[in-house]
Structures are given as C-alpha cells and as structure tokens.
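Report on one structure; see the data block that follows.
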Amino acid sequence: MKKTLTLIALGLLVAAFASATPLPLSYTNHVVGVEITGHPLVTTGGGGMFTSKIYSGYNFGTGAGTGAFTLADLFCIDIDNGLSGPNPYAGYIVALGNWTAGDLSHVQKSGSTFVNNNGTYSAQQRYQAAAYILENYMYGSGSGYTNDQIQAALWQLLDVPGSGSAGSPVAGGLYYIALNYISSHASYGYGQWAVVSGIVDINGSLECLPDKQTMLVRLGGSPVPEPGTYAMMGAGLLGLAFIRRRKA
Numbered sequence: 003m004k005k006t007l008t009l010i011a012l013g014l015l016v017a018a019f020a021s022a023t024p025l026p027l028s029y030t031n032h033v034v035g036v037e038i039t040g041h042p043l044v045t046t047g048g049g050g051m052f053t054s055k056i057y058s059g060y061n062f063g064t065g066a067g068t069g070a071f072t073l074a075d076l077f078c079i080d081i082d083n084g085l086s087g088p089n090p091y092a093g094y095i096v097a098l099g100n101w102t103a104g105d106l107s108h109v110q111k112s113g114s115t116f117v118n119n120n121g122t123y124s125a126q127q128r129y130q131a132a133a134y135i136l137e138n139y140m141y142g143s144g145s146g147y148t149n150d151q152i153q154a155a156l157w158q159l160l161d162v163p164g165s166g167s168a169g170s171p172v173a174g175g176l177y178y179i180a181l182n183y184i185s186s187h188a189s190y191g192y193g194q195w196a197v198v199s200g201i202v203d204i205n206g207s208l209e210c211l212p213d214k215q216t217m218l219v220r221l222g223g224s225p226v227p228e229p230g231t232y233a234m235m236g237a238g239l240l241g242l243a244f245i246r247r248r249k250a
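For the sequence shown, the residue numbers in the working numbering are 3 to 250.
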C-alpha cells in the first residue's frame, strides 16, 4: 500500500510540474496582491516552485488582495530574500518585452537595484536567460541537471554583482548556455514570461522592508514544453499503481 501511495504521489507530482499554471497577461504592469499558498518543490536553500494566488489589486489599508484572483506557479530567482505567508503582499508584475521607463524601477529585487543593467548583460537579458532555463530545463524534466543545479544557475544569473557563490561548475555551464542563447535571440520570452517583483508601497515604489523574493511566472497562451510527455508519464505511473493494487 505504501508503494502504491508513493507511485500515485509521484505521478501527480510529475504531471503538476509539467503543466505549471500560467498567469493571464491582464495581471501584468500594475500593483497586484501576491499570496503564497504552497511550496511543492523545494530546492536546497529554500528555492524552487511556489504556488500562489495573484489578485488583480491590493488594498494597502487592510493588507489584502482585492478583485478577482488567479492561481499561478512562481519560480524563485532571488537568493537573498525570503517569503512570509500566507498573508498577501503588494507585488508588481512586468512582462518581458513590455518594460517602460517607469517599470524599470520595479523590475528588480526588493529594495535593491543590482539587477538593473549591469556589465555585459542587461537586467532583462538576465531575466530572459532565467526564463530560458525554466522553459527548457524545468525541474524534474530529466534534462541531466538536478533541481539544485537548475536553481543554482537561476540564482547565479541574478546574483549581480555578487560573488557567484550561488553557482557551481555544472550550474555555471547551464548559466552560460542560457546567456549565449539569449545573446542571439533578443526577443526570447517576450509576452511569455514575467517578473514578479518584491513588495511595493502605496505609490508603486519598491519598499526595502520586509523584503520579498523576486520570482518569474509563466504567462498564459503558451504551454510548458512537451506537457503531453510528462502528463503521459504521470498517467503511466498512476496506472502502474492501480495495476499493482489489483494484483495485490
């Protein structure tokens, strides 16, 4: 029975990660309420994937999300800051390729500007590279990289001008693969991925405290790569579990 339950859980887990819940484009480029509801995939250091409710608005007086909400999966790209749930906080979401001069102050880690244009690659290129990794080396995809290596590469991309301590030789390889791809694909991820910034104040400016993680979220309209493959894997594991039970 224990093995059966394990197979069922694994099947559901694989199917869930293969069909990460996207966010409608209408939730971008304005202040929203972000409520973290779960942390189904945890990497070393507390990264991974978070489930969330994204509200169309936020009431600074009551500290609550307002209006309609949608479910979305958020991916950690911020090594320094944490999350405190379940109360909603005010966030700001900017789609890649849809930045304006006013948005540039939002698309950064909470209370810091270190991911603004810096060095060889711009802030947006670093976010694009992170999106490329998530798109092509999604956690649990069997890409040859472990979940911790994928997370380390994401952190290294956005750890500017940090020491790079978040990286490792293998993760560093993935880091450079992503940046090299972005260098020749200027519009990668436009309209398909968005940055979820840290907490903002009533005027729409980032607050330094309490810090909240910066995340990436997939936008609706384009599925996660090869969802059918992983969905079939999940279904196969579930089927195997029920067959084993019938034999028992």
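Note that the Cβ used here is the ideal one computed from N, Cα and C, for glycine as well.
Span separating the alpha-carbon of residue i from that of residue j
i, j, result
"Arg-220", "Asn-89", "22 Å"
"Ala-180", "His-187", "10 Å"
"Ala-177", "Ala-154", "Note that residue 177 is Tyr in the sequence shown here, rather than Ala. Taking the straight line from one Cα to the other gives about 9 Å."
"Ile-95", "Gly-146", "31 Å"
"Gln-194", "Ile-81", "23 Å"
"Cys-78", "Gly-93", "14 Å"
"Phe-52", "Gly-84", "12 Å"
"Gly-48", "Ser-189", "30 Å"
"Asp-161", "Gly-63", "33 Å"
"Leu-218", "Ala-196", "6 Å"
"Ser-185", "Ile-152", "20 Å"
"Tyr-139", "Val-34", "29 Å"
"Leu-159", "Tyr-183", "13 Å"
"Leu-156", "Arg-128", "9 Å"
Residue i classed as buried or exposed, judged by whether at least 16 other C-beta atoms fall within 10 angstroms
i, result
"Thr-39", "exposed"
"Ala-70", "exposed"
"Asn-149", "buried"
"Gly-65", "exposed"
"Leu-73", "exposed"
"Thr-216", "buried"
"Ile-2", "Since the first and last residues shown for the chain are 3 and 250, residue 2 lies out of range."
"Ser-143", "buried"
"Thr-30", "buried"
"Ser-54", "buried"
"Ser-199", "buried"
Helix, strand or coil at residue i [DSSP, three-state]
i, result
"Gly-35", "strand"
"Tyr-94", "strand"
"Gly-67", "strand"
"Asn-89", "coil"
"Asn-61", "strand"
"Asp-253", "With the chain represented from 3 up to 250, any question about residue 253 goes unanswered, as that position is not in the structure."
"Ser-54", "strand"
"Gly-47", "coil"
"Tyr-123", "strand"
"Trp-195", "strand"
"Gly-40", "strand"
"Asn-138", "helix"
Residues near residue i in its chain [Cβ-Cβ closer than 6 Å; skip 5 each side]
i, result
"Asn-61", "Thr-68"
"Gly-191", "Leu-98, Gln-130, Ala-133"
"Val-44", "Gly-50"
Close beta carbons around residue i, own chain, < 7 Å, minus the five adjacent residues each side
i, result
"Tyr-91", "Val-36, Ile-201, Lys-214"
"Gln-126", "Leu-98, Trp-101"
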